[in-house]
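Novice: Numbering (the numbering used here), first residue to last: 3 to 292. Using N, Cα and C, we set each Cβ at its ideal position, and we do this for glycine too.
(1) Measure the alpha-carbon distance for residue 287 versus residue 124 and round it to whole angstroms.
(2) Please report how far the alpha carbon of residue 64 lies from the alpha carbon of residue 12, in whole angstroms.
(3) Name the one or two DSSP bridge partners that residue 176 has.
(4) Any idea what DSSP makes of residue 202, helix, strand or coil?
(5) Under a three-way DSSP split, which group does residue 246 fall into?
(6) Spell out a yes or no on whether the region 187-198 and the region 213-229 are touching, meaning 3 or more CB-CB pairs, one atom from each, closer than 8 Å.
(7) From this set, 107, 47 and 37, which residue's C-alpha is nearest residue 74's C-alpha?
(8) For residue 296, which residues of its own chain have a beta-carbon under 6 Å away from its beta-carbon, when the five flanking residues on both sides are left out?
(9) Looking only at DSSP bridge pairs, what is residue 209 linked to?
(10) DSSP three-state label for residue 143, please.
(11) In whole angstroms, what separates the C-alpha of residue 94 from that of residue 102?
(12) What does the Cβ neighbour count give for residue 151, buried or exposed, with the cut at 16 atoms within 10 Å?
(13) What residue range is occupied by the uninterrupted beta strand (DSSP E) comprising residue 233?
(14) Kindly give me the distance between the Cβ atoms of residue 141 and residue 185, rounded to whole angstroms, as I take these residues to be in contact under 8 Å.
(15) According to the Cβ coordinates, are residue 21 and residue 218 closer than 8 Å?
(16) Check each candidate in 77, 180 and 16 and name the one with the smallest Cα separation from residue 32.
(17) Cutting at 6 Å between CB atoms, please list the residues of its own chain near residue 45, excluding the five before and the five after it.
(18) For residue 67, does the count of other Cβ atoms within 10 angstroms reach 16, so buried, or fall short, so exposed?
(19) Grab me the residues of residue 209's own chain with a C-beta within less than 7 Å of its C-beta, minus the 5 sequence neighbours each way, in chain order.
(20) Sorted by chain position, which residues of the same chain lie with C-beta nearer than 8 Å to residue 289's C-beta, five sequence neighbours on each side aside?
(21) Relative to the alpha-carbon of residue 128, which residue among 116, 113, 104 and 147 has its alpha-carbon at the smallest distance?
(22) Check for me: the alpha helix (DSSP H) holding residue 274 runs from which residue to which?
(23) Measuring alpha carbon to alpha carbon, tell me which residue in 79, 112 and 190 is nearest residue 220.
(24) Would you give the residue range spanned by the beta strand (DSSP E) that residue 293 belongs to?
(25) When you compare the CB positions of residue 183 and residue 205, do they come within less than 8 Å of one another, or not?
(26) Assign residue 110 to buried or exposed, taking buried as 16 or more other Cβ atoms, counted over all protein chains shown, within 10 Å of its Cβ.
(27) Grouping DSSP H, G and I as helix and E and B as strand, with all else coil, what is residue 29?
(28) How should residue 282 be labelled, buried or exposed, when 16 other C-beta atoms within 10 angstroms of its C-beta is the threshold for buried?
(29) Within 10 angstroms of the Cβ of residue 223, are there 16 or more other Cβ atoms? Answer buried if so, exposed if not.
(30) Could you pull the start and end residues of the beta strand (DSSP E) that residue 102 belongs to?
(31) Cα separation between residue 295 and residue 157?
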């Protein structure tokens, strides 16, 4: 059963590196969370490495700009691994074909910028659904609309046998006090309808492979038993860590704040009930990263 802790520093000396989720842990979609900033600064000051591992469909450079906008200081992290980078690599290797229908807002168009790290990348052409060989989903067209609005298009796509590349497996995020749908909700609907969805973010292996490569590029190899994954999503962050056999710290005051009755710290009985229901077993739990 998970151990409730009151501060990252209680356990951080056991780990040489952190794989840290962003949304709900380091920022709330509007601004940086001061307790998280202090905790990560303290950890890095002691020699630890911080890899921000995010299901953002944006490239690493785009996430870095977003962090500046939210007020997350550069001295809280060392490198970034995004599901967007992992998914882009797969797209340019041709996993959903050359002609793709893009599902997502115009702000995600940087996903289609040329990628230099793939040898002989495919030339990707964005087309309408009727001409597509596959679909690329970076998010809903409208993040507040029920995913069911996509059923007609998905029915056509299924009949055409189109695979869907999901650049962000998150189902929902909270932007401040507003809950929004993510690409994972659409990919889940398409799979439920019998379509093929391909995932490249947490909890799936490709993003952890990328995170390990980014960590190794910092110069010091870190074994898995010295890595702690931190996140507020039991179906993404914690499930991914469990699948990779990495210790995890569950932030109960994020997506599951209501279910775990978390204000400052989770209610132990509510936390136990929630984790049992979700069949999740994080190594540690804390109300908020601090």
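Specialist: For this structure:
(1) Take the alpha-carbon of residue 287 and the one of residue 124: they are about 43 Å apart.
(2) Between the C-alpha atoms of residue 64 and residue 12 there is a straight-line separation of about 33 Å.
(3) DSSP, once it has assigned bridges, lists 181 as partnering residue 176.
(4) Reduced to three states, the DSSP call for residue 202 is coil.
(5) Look at residue 246 here: in three-state DSSP terms it is coil, with no helix or strand label.
(6) Contact between the region 187-198 and the region 213-229 is absent, because fewer than three Cβ pairs lie under 8 Å.
(7) Looking at 107, 47 and 37, the one whose alpha-carbon comes closest to that of residue 74 is 37.
(8) No statement about residue 296 is possible, as the shown extent of the chain runs from 3 to 292 and does not include it.
(9) DSSP lists no partner for residue 209.
(10) The answer is coil: DSSP assigns residue 143 none of H, G, I, E or B.
(11) Their backbone Cα atoms lie some 11 Å apart in a straight line.
(12) Counting the other CB atoms within 10 Å of its CB gives residue 151 a total below 16, which places it among the exposed residues.
(13) Counting along the chain, residue 233 sits inside the beta strand (DSSP E) bounded by residues 229-233.
(14) For residue 141 against residue 185, the beta-carbon gap comes to about 5 Å, under 8 Å, which counts as contact.
(15) In this structure, residue 218 does not lie closer than 8 Å to residue 21 by Cβ.
(16) Ranking 77, 180 and 16 by Cα distance to residue 32 puts 180 first.
(17) When the five nearest sequence neighbours on each side are left out, the beta carbons in the same chain lying within less than 6 Å of the beta carbon of residue 45 are those of 14, in order along the chain.
(18) Classified as exposed, residue 67 has fewer than 16 neighbouring CB atoms from the shown chains inside 10 Å of its CB.
(19) In chain order, 55, 83, 85, 88, 202 and 203 place their CB closer than 7 Å to the CB of residue 209, counting only its own chain and leaving out the 5 sequence neighbours on each side.
(20) Excluding residues up to 5 positions away in sequence, 253, 254, 255, 264, 265, 266, 267 and 268 lie with their Cβ nearer than 8 Å to the Cβ of residue 289 in the same chain.
(21) Nearest option by C-alpha distance: 104.
(22) Here the alpha helix (DSSP H) through residue 274 covers 270-280.
(23) Closest option to residue 220, Cα to Cα, is 79.
(24) As shown, the chain starts at 3 and ends at 292. That puts residue 293 outside it, with no answer to give.
(25) Their beta carbons are not under 8 Å apart, which means residue 183 does not touch residue 205 by this criterion.
(26) Taking a 10 Å sphere around the C-beta of residue 110, we find 16 or more other C-beta atoms and assign the residue as buried.
(27) Annotated three-state conformation of residue 29 is strand, per DSSP.
(28) Result: buried.
(29) Classification of residue 223: exposed, given that the 10 Å Cβ count is below 16.
(30) Counting along the chain, the beta strand (DSSP E) containing residue 102 begins and ends at 101-105.
(31) Past the boundaries of the shown model lies residue 295; the chain is included only from 3 to 292, so the question cannot be answered.
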